[in-house]
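S.K.: After the structure tokens below, expect a handful of questions from me.
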DNA sequence: CTGAAAGCGCTAACAG
DNA sequence: CTGTTAGCGCTTTCAG
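Residue numbers (the working numbering), protein chains in the order written: chain A, 1 to 337; chain B, 1001 to 1337.
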């Protein structure tokens, strides 16, 4: 803690606390000369205002929370980067919380935000989250909530998402055009809207091409790496094995590649692989990986922009904001280049 | 903001504010029955204490800052994950700030921490940082600082690092054993201690093997991707080209692989490649990448642990804490497997 | 065991 | 243009 507060500063200047406070925020009420003196002495004494005293009085924290399932993930880390950039620009502070895909943790974290700690919340929900009372509690407490990437459709809050349905459809079309007939679809949670949309895109693309979706090829993985290995090995060992794979989750790509190597399956000859992913190394993988890449950085920036507008502008119906920033298909060798 | 504060809660309970406050923190002064009633009603009314009022009064924020150059990076994102895990366990909040390798930003961010916003700081300095007044200012303001990964040797603060010198030496030894004679060393900043240590390990290993280090093979890259491409292309096009590369920076691996492909250089036949990296995709690259992998997650956890101890224990000389958690060499195909 | 009251550092309304 | 003052919501003596 600094030794010096506004009172000490005022005393040093022979001014009242009120005058100093106004001078520091460049109020029109204060003369230029006084402002200059105040700033000068403040600097000399290394005066720094106590943010929490200010927050308490103004009922505004200049802080936002970012709640994500995971940070060691190329999508979320890029999104956070976008958020942080805008926050720094606007003079806001960013609290980061991880849910590890747990609804219980998510709820526990959000319940702490009803008390003024943050002016707003950016969230990508956990894969377990279906009930949304914890989120609505914030909205009704005048803490704006903006979903990014993983939203909940029914909840009345701003949503910055990508075109998951279309991407699922496009990914599937691409594999079909490359000759796949039996395509497996990998996900980690049936609850996530992004997953259901991608999967619906997948199913519809299959149906539109008169192709059958085998239930064995809708593969639900978990958060446990060992179990995922087991599940994926089984899928790839089936006698009637798929000739194409769409992974809706980035972290499944490593096991898929690894298991293919073990089973001596050639990508793309035996199996074409496409992944929803933001990996910067996609094009130097062996073989280079065809991806649907989300605009992570832009989504983060956009989500933050909407949130700050919601925090700062009254009469702005941020809840109605529903932006869809398209993802992009990058065709590489894993689907035949 | 919630409608309900401790005063309203006290009124509802027909108790004084003081009693309620003590009951809420389970003070021994309060009877079991009263505590029960307070908790019950608090829950019913969704009472949540205002953290900033509490911080103001207690002069403690239960918040720490994490300042890193970048977050879309597998080392830093894993370290942050480790930090966040410990923080959640201890009931602390984590503010994240990015410096984008800029000293000016780093200073600006840290200058805001002299005022009670955070109880402590975890920092990995920018590649431009050599002066350390901004860091010492915090230490002397009783805000403990713990360096992780990128420390500054001369500064009196706790340091959680990895064995950079040894790793540089070991990496070089490995390439030499695999037959390399002309090894190039890539970095992004001469100022970073981690870099100078790795490089010294490299140089000493070369000298110890009676090998010459060509100045053209000490390659200083930047933060600009285009420029890096230019620089690296030039290096790999030299007539007297290196037969081994050590990249001390993860993000240079993509351009190295890409340029090798363009120049039709075979890894590992023409050129052996080793990278300091935490990439989860290292072993599915083409070819799989030999890495020196830092214990990012553990370093984050350790740094946070030391910081919280420094924050909570008086008479703990955290400044003397100087932990070195070793990195590990993973030998893969890019150096001949 | 419970209550009263001072005050953390700052802001903003109001008075001069 | 500058000063005075009443809190923001909570914690913590100290008194009973």
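C-beta: ideal position from N, C-alpha, C; glycine also.
Quick caveat: nothing in here was measured; it's all calculated off a predicted structure.
Take residue 1178 of chain B and list the residues in its own chain whose beta-carbon comes closer than 8 Å to its own, dropping the five residues that flank it on each side.
M.R.: 1244, 1268, 1272, 1335 and 1336
S.K.: Do the segment 79–87 of chain A and the segment 44–60 of chain A make contact, defined as three or more Cβ pairs closer than 8 Å?
M.R.: Not touching, per the Cβ criterion.
S.K.: Which word fits residue 338 of chain A, buried or exposed, when buried means at least 16 other C-beta atoms lie within 10 angstroms of its C-beta?
M.R.: No answer is possible for residue 338 of chain A: the residues shown for chain A start at 1 and end at 337.
S.K.: Since residue 1094 of chain B meets chain A, which of its residues come closer than 7 Å, beta carbon to beta carbon?
M.R.: 95 and 96
S.K.: Could you name the residues of the segment 3–20 of chain A whose beta carbon sits closer than 9 Å to any beta carbon of chain B, in the order they occur along the chain?
M.R.: 3
S.K.: Determine the closest residue to residue 1114 of chain B out of B:1133, B:1104, B:1030 and B:1298, with distance taken between C-alpha atoms.
M.R.: B:1133
S.K.: Return no unless some Cβ of chain B is closer than 9 Å to the Cβ of residue 284 of chain A.
M.R.: yes
S.K.: With C-beta atoms as the reference, is residue 1157 of chain B less than 9 Å away from residue 1262 of chain B?
M.R.: no
S.K.: Below 6 Å CB to CB, which residues in the same chain sit around residue 1162 of chain B once its five sequence neighbours on both sides are set aside?
M.R.: 1294, 1325 and 1327
S.K.: Is residue 1314 of chain B buried or exposed, if buried means 16 or more other CB atoms sit within 10 Å of its CB?
M.R.: exposed
S.K.: Between residue 1127 of chain B and chain A, is any beta-carbon pair separated by less than 9 Å?
M.R.: no
S.K.: Kindly indicate the opening and closing residues of the beta strand (DSSP E) around residue 1346 of chain B.
M.R.: There is no way to answer for residue 1346 of chain B, as the model of chain B reaches only from 1001 to 1337.
S.K.: Report all residues from its chain with a CB closer than 8 Å to the CB of residue 1199 of chain B; omit the five preceding and five following residues, and keep chain order.
M.R.: 1168, 1185, 1187, 1218 and 1248
S.K.: Please compile the residues from chain B whose C-beta is within a distance smaller than 8 Å of the C-beta of residue 279 of chain A.
M.R.: 1281
S.K.: Taking the runs of the alpha helix (DSSP H) that are 4 residues or longer, which of them lie wholly in the segment 1158–1224 of chain B?
M.R.: Runs of the alpha helix (DSSP H) inside the segment 1158–1224 of chain B: 1164–1177 and 1193–1208.
S.K.: Provide the residue(s) that pair with residue 95 of chain A in DSSP beta bridges, ordered along the chain.
M.R.: A:65 and B:1095
S.K.: Buried or exposed for residue 10 of chain A, please, with buried defined as at least 16 other CB atoms from any protein chain shown within 10 angstroms of its CB.
M.R.: buried
S.K.: Quick one: Cα of residue 1252 of chain B to Cα of residue 1119 of chain B, how far?
M.R.: 36 Å
S.K.: Would you say residue 50 of chain A reaches chain B, if we count a Cβ-Cβ gap shorter than 9 Å as a contact?
M.R.: yes
S.K.: Please report the straight-line C-alpha distance between residue 131 of chain A and residue 106 of chain A, rounded to a whole angstrom.
M.R.: 11 Å
S.K.: Quick one: list the residues of chain A neighbouring residue 1293 of chain B, beta-carbon separation under 9 Å, in chain order.
M.R.: Residues of chain A passing the Cβ test: none, with the nearest at roughly 13 Å.
S.K.: What are the residues in the segment 1130–1144 of chain B lying within 7 Å of chain A by C-beta distance?
M.R.: 1141 and 1142
S.K.: So, is residue 1212 of chain B buried or exposed, given that buried needs 16 or more other C-beta atoms within 10 angstroms?
M.R.: Flag for residue 1212 of chain B reads exposed.
S.K.: Report the three-state DSSP secondary structure of residue 330 of chain A (helix, strand or coil).
M.R.: Here residue 330 of chain A sits in strand by DSSP.
S.K.: Following the continuous beta strand (DSSP E) through residue 244 of chain A, name the residue where it begins and the one where it ends.
M.R.: Here the beta strand (DSSP E) through residue 244 of chain A covers 244–247.
S.K.: Give me, in chain order, the residues of the same chain whose beta-carbon lies closer than 8 Å to that of residue 35 of chain A; leave out the 5 immediate sequence neighbours on both sides.
M.R.: Closer than 8 Å at the Cβ level, and outside the excluded window around residue 35 of chain A, lie 23 and 26.
S.K.: Between residue 222 of chain A and the rest of its own chain, which residues show a CB-CB distance below 7 Å, the 5 nearest in sequence each way excluded?
M.R.: 188 and 228
S.K.: Using a Cβ-Cβ distance cut-off of 9 Å, determine whether residue 85 of chain A contacts chain B.
M.R.: yes
S.K.: Quick check: is the beta carbon of residue 111 of chain A nearer than 9 Å to any beta carbon in chain B?
M.R.: yes
S.K.: Note down, in chain order, each residue of its chain lying with its Cβ closer than 7 Å to the Cβ of residue 1173 of chain B, except the 5 sequence neighbours on either side.
M.R.: 1205
S.K.: Quick check on DSSP: helix, strand or coil for residue 1017 of chain B?
M.R.: Of the three classes helix, strand and coil, the one that applies to residue 1017 of chain B here is helix, per DSSP.
S.K.: Run the CB neighbour count on residue 1001 of chain B, radius 10 Å, all protein chains shown included, and call it buried at 16 or more, exposed below.
M.R.: Low local confidence applies: a pLDDT of 46 at residue 1001 of chain B is under 50, so the model's placement there is unreliable, and no value is given.
S.K.: Per DSSP, what kind of secondary structure is residue 120 of chain A in: helix, strand or coil?
M.R.: In the structure shown, residue 120 of chain A sits in a strand (DSSP, three-state: E or B).
S.K.: Under 7 Å Cβ-Cβ, which residues of chain B neighbour residue 331 of chain A?
M.R.: Going along chain B, no residue has its Cβ under 7 Å from residue 331 of chain A, so there is no contact; the nearest lies around 17 Å.
S.K.: Might you give, ordered along the chain, the residues of its own chain that have their beta carbon closer than 6 Å to the beta carbon of residue 1265 of chain B, omitting 5 neighbours on each side?
M.R.: 1271
S.K.: With 16 as the cutoff for other CB atoms within 10 Å, does residue 1170 of chain B come out buried or exposed?
M.R.: buried
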